[in-house]
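Below is one structure, written out as structure tokens; the observations come after it.
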Amino acid sequence: MKWIEWLWGAARRGSVFALMLAVVAAYYVRMLRGYSAPLIVPDEFGYTVIAAYLAGHDWSNVAQGLPWYSYGYSLLLAPVYELVKPSSWYHAAQFLNVLLVMTAGVFANVLLRQYVTRTSYRYLAVAAVMLYPSLVFYAHFTWSESLIVLLPWLVAIQAFRMGRAGAGYLNAVTYGVLLGCCYYVHSRLIVICLAGLMVLGYQVWIGKRRLLAAASTMAFATTMFFGALLKNYFIDRVYHGAVGGAQDSLVKMVLELMHRFQDPSVLLTMLSGAAGQLAYLVIATLGLVVPGVISMAAKARQSHLQGRTDETSALLFLLLALLGSYALIAISMGSSPGYPHHVFYGRYTDPIVLPALAFGLIYCMEHRRAVFKMALISLAVVFITVPLAMHLVAKLPQVIYWVLLAGLFPFRTAGWQLNAHHILLCFSLITIVLALLFRASPRLAGAVVCLALLLAGLDITRVHQAASSEHAFNWRARLDQPTRRYQGKIVFDASNGDPAYLRTQARMINPEAKVSIVTASHSGVEHREIEDHLLIKRDSKGMQHLFCDVDDSAGGTRPTVCQNIGAEPFKVAAGFTLGDPRKKLEFQHAWMGARAYYFVSTFPYLRTLWPLFGAHRTTLRYTTHATFPTVVTVRAFVTRPGDTSWLGERSTKLPVPAGDATGLIKVPATVRAYDGNPLPPGQYSFHVVVSYPDGNDWSTIATMPMSIH
47 MKWIEWLWGA ARRGSVFALM LAVVAAYYVR MLRGYSAPLI VPDEFGYTVI AAYLAGHDWS
107 NVAQGLPWYS YGYSLLLAPV YELVKPSSWY HAAQFLNVLL VMTAGVFANV LLRQYVTRTS
167 YRYLAVAAVM LYPSLVFYAH FTWSESLIVL LPWLVAIQAF RMGRAGAGYL NAVTYGVLLG
227 CCYYVHSRLI VICLAGLMVL GYQVWIGKRR LLAAASTMAF ATTMFFGALL KNYFIDRVYH
287 GAVGGAQDSL VKMVLELMHR FQDPSVLLTM LSGAAGQLAY LVIATLGLVV PGVISMAAKA
347 RQSHLQGRTD ETSALLFLLL ALLGSYALIA ISMGSSPGYP HHVFYGRYTD PIVLPALAFG
407 LIYCMEHRRA VFKMALISLA VVFITVPLAM HLVAKLPQVI YWVLLAGLFP FRTAGWQLNA
467 HHILLCFSLI TIVLALLFRA SPRLAGAVVC LALLLAGLDI TRVHQAASSE HAFNWRARLD
527 QPTRRYQGKI VFDASNGDPA YLRTQARMIN PEAKVSIVTA SHSGVEHREI EDHLLIKRDS
587 KGMQHLFCDV DDSAGGTRPT VCQNIGAEPF KVAAGFTLGD PRKKLEFQHA WMGARAYYFV
647 STFPYLRTLW PLFGAHRTTL RYTTHATFPT VVTVRAFVTR PGDTSWLGER STKLPVPAGD
707 ATGLIKVPAT VRAYDGNPLP PGQYSFHVVV SYPDGNDWST IATMPMSIH
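Numbering (the numbering used here), first residue to last: 47 to 755.
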């Protein structure tokens with residue numbers, strides 16, 4: 047039994063917790079694939095422009111007109127951008143996000159230690175927090191969500207310290223400064239500021255600590271004042287005063303919301319939106335937010351009656367922050383929804399609901415007999431709120447931005463839509479299964495919760511990576527090719543792209559580059575816009591690939607020499623045929639039949655267990671000719687004969703040397719559609735196309751007949 051004693055001692059020393067952090071961090075790093083440049087524009091770029099400015103780069107011509115996203119996260123990005131080269135900025139920011147999420151796990155463990163005696167329960171709760179699927183997905187992007195996730199835990203810890211009998215002025219000042227800094231991470235965190243100030247009021251009421259509260263309030267006001275000065279400085283220097291939207295001012299945001307409510311029907315819309323937000327919180331947390339809120343409220347009341355101001359303050363803050371965040375999103379998004387994801391909007395509440403998730407999981411493990419009661423409450427809430435929300439969703443365009451609904455992603459239908467009956471059925475099954483597991487074996491149930499969250503994170507990340515892996519083109523191969531080294535100017539074909547997005551691509555690769563974006567004019571009249579080193583040209587002659595020098599002596603207002611370089615020097619001549627011409631492209635479904643797979647994939651968290659079933663590989667012979675070494679992406683997709691709609695897609699990388707080359711390559715093929723369900727048996731067309739450093743070239747496509755049986 048010595049090994050059991052050693053394991054227990056290691057757990058007490060924190061080795062098990064450190065190992066858990068390392069495993070989760072490795073999982074996060076493994077999932078950071080498929081994204082190498084900003085995908086969500088302008089959200090991500092709103093933080094990058096300030097960080098780039100602090101790192102010594104002037105991107106004001108790109109920043110003008112972007113909404114204001116504050117600068118707290120940018121202050122963390124700036125030293126990272128100073129230490130690494132610009133081409134590695136995005137990946138470095140992703141690793142910073144992973145570090146922030148792991149820090150949130152440490153803070154969660156520190157706070158939960160004050161309320162939970164069983165180490166295994168606490169570790170399971172912390173693991174559930176870090177494996178929450180939204181966090182795994184948000185870590186891919188350069189926005190402030192990974193920083194926001196640790197703030198509720200950090201402020202709650204400081205509120206706990208402020209509630210102690212021996213709290214001094216240093217704790218008070220730290221608490222006030224921390225609250226003020228939260229607002230300058232993102233303006234929506236004003237709810238954390240208000241919740242923190244209300245906790246101060248509670249401490250004054252219960253403990254008569256007027257001087258400490260006054261010191262903390264003064265520190266908060268001072269931080270807000272100097273933070274506003276810094277905000278105005280960034281708006282002037284980085285945005286040149288041209289900020290889009292109303293997020294740069296609390297007054298603007300309040301006035302905008304008040305303007306919405308001039309129409310009385312907005313109140314009814316907001317109620318339906320509030321129902322959707324509540325349904326999201328319950329479903330995304332597997333129903334654990336209900337016992338979590340009840341448990342936190344009961345613990346806060348008990349601590350208050352026993353005179354433990356520290357424990358009460360932390361719990362009261364978490365409850366008020368969650369309530370304020372829910373109210374804010376219900377009012378801001380629910381009052382004016384444009385799409386279904388505005389009704390079930392998760393991004394703003396995901397970081398704030400995690401403490402309730404942790405306390406709910408612990409409560410269910412500690413109170414086995416109360417689990418069925420909590421399950422009934424969760425089911426009642428969902429069965430009331432989902433129909434109300436879906437009544438509003440039915441009136442909106444059925445376009446869903448799943449990035450903002452990471453918590454609901456496993457509950458999508460096979461057709462990638464939100465459906466009330468599907469959501470209610472799946473949530474009911476999950477709730478009943480978890481309730482039975484909690485009653486039988488609490489630790490096993492806690493592990494199953496962590497596994498379900500893990501599978502949900504794998505699901506949304508895998509699907510979005512497959513859809514977005516080619517979103518960021520391989521610009522480096524184009525910039526570094528030897529025939530023309532792009533040291534000062536980059537030219538992009540924006541005829542089918544977003545110029546703002548292409549600008550971010552250029553800046554992430556070469557911050558000092560002069561960028562020329564060329565598009566075809568729809569009006570037939572030549573139009574030029576010159577801003578700093580950015581040239582956007584729309585020509586009646588059609589789309590051209592130009593390399594232009596800007597006359598800096600003329601103030602950057604006049605292009606001088608423009609050379610039409612075309613696109614051929616940057617492309618690879620490629621051809622594909624079957625590796626063995628005697629064979630045919632014939633595929634069988636996986637051992638799980640189409641009907642069985644459809645049944646399994648209908649339920650959340652199960653479809654992730656079979657992501658590769660139905661995927662096959664076929665051997666192709668390739669021939670290439672290139673003037674420079676590069677790496678191209680070989681994309682294989684399936685269509686029905688006579689139909690251009692892609693039914694399923696896979697991709698792989700092919701290194702191409704300079705000169706002529708030939709060889710064999712195994713290309714992944716699929717007999718599953720984008721929704722994960724099997725394609726019915728029949729005749730299809732199998733296509734192979736190369737994605738070049740500057741985009742797709744359909745002239746090199748190879749098409750072969752394919753059959754599924």
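Each residue gets a CB set at the ideal place from its N, CA and C atoms; glycine is no exception.
Model, not experiment: these values are computed from the prediction.
Using a 10 angstroms sphere on the CB of residue 262, the tally of other CB atoms reaches 16 or more, which defines it as buried. Ranked by Cα distance from residue 93, the options 628, 688, 284 and 662 are led by 284. Of all alpha-carbon atoms in 145, 358 and 130, the one lying nearest the alpha-carbon of residue 78 is that of 145.
Sixteen is the threshold: when 16 or more other Cβ atoms of the shown chains lie within 10 Å of the Cβ of residue 424, as they do, the residue is buried.
Nearest to residue 506 by alpha-carbon distance, out of 483, 492, 470 and 457, is 457.
Residue nearest to residue 396 within the set 198, 433 and 266 is 198 (criterion: CA-CA distance). Counting along the chain, no alpha helix (DSSP H) covers residue 384, and no H or E run does either.
Pairing residue 500 with residue 235 gives a Cβ-Cβ distance that is not under 8 angstroms. In the three-state scheme derived from DSSP, where H, G and I count as helix and E and B as strand, residue 619 is classed as strand. Residue 442 carries a coil assignment under DSSP once its states are collapsed to helix, strand and coil.
In this model, residue 417 and residue 480 are separated by some 9 angstroms (Cα to Cα).
In its chain, beyond the 5 residues on either side, 198, 237, 238, 241 and 398 have a beta carbon closer than 7 angstroms to the beta carbon of residue 367.
Between residue 492 and residue 407, the gap from beta carbon to beta carbon is short of 8 angstroms. Within the same chain, Cβ atoms closer than 6 angstroms to the Cβ of residue 345 are found at 361, the five residues on either side in sequence being excluded.
Residue burial annotation: residue 498 is buried, with at least 16 other C-beta atoms found within 10 angstroms of its C-beta. Using a Cβ distance threshold of 8 angstroms, residue 667 and residue 624 count as a contacting pair.
Between residue 120 and residue 142 the beta-carbon gap is near 12 angstroms, outside 8 angstroms, which marks them as no contact. Counting only runs of at least 4 residues, the region 448 to 523 fully encloses the following alpha helix (DSSP H) elements, listed from N- to C-terminal order: 466 to 486 and 488 to 514.
Contact check for residue 248 and residue 378: beta-carbon distance about 27 angstroms, past the 8 angstroms limit, so the pair fails to qualify. When only Cα atoms are considered, residue 664 and residue 510 end up about 24 angstroms apart.
With a beta-carbon spacing of about 12 angstroms, residue 224 and residue 245 fall beyond the 8 angstroms limit used to define contacts. Taking C-beta atoms as the reference points, residue 690 and residue 714 fail to come closer than 8 angstroms. When the five nearest sequence neighbours on each side are left out, the beta carbons in the same chain lying within less than 7 angstroms of the beta carbon of residue 364 are those of 198, 202, 342 and 401, in order along the chain. As computed with DSSP, residue 632 is found in a beta bridge with 753. Between residue 472 and the set 205, 483, 432 and 125, the nearest pair of CA atoms involves 432. Between residue 393 and residue 450, the C-beta spacing is below 8 angstroms. Contact between residue 322 and residue 389 holds: their C-beta atoms lie close to 4 angstroms from each other, under 8 angstroms.
For residue 697, the uninterrupted beta strand (DSSP E) segment begins and ends at 694 to 702.
Exclusion of the five residues before and after residue 380 leaves 316, 319 and 320 as the residues of its chain whose Cβ lies within less than 6 angstroms of its Cβ. Just so you know, the alpha carbons of residue 168 and residue 438 end up roughly 39 angstroms apart. A straight-line Cα-Cα distance of about 27 angstroms links residue 337 and residue 448.
Your pair residue 147 and residue 122 does not check out as a contact, with CB atoms roughly 13 angstroms apart and the cut at 8 angstroms.
Per DSSP, the unbroken beta strand (DSSP E) holding residue 708 starts and ends at 705 to 716.
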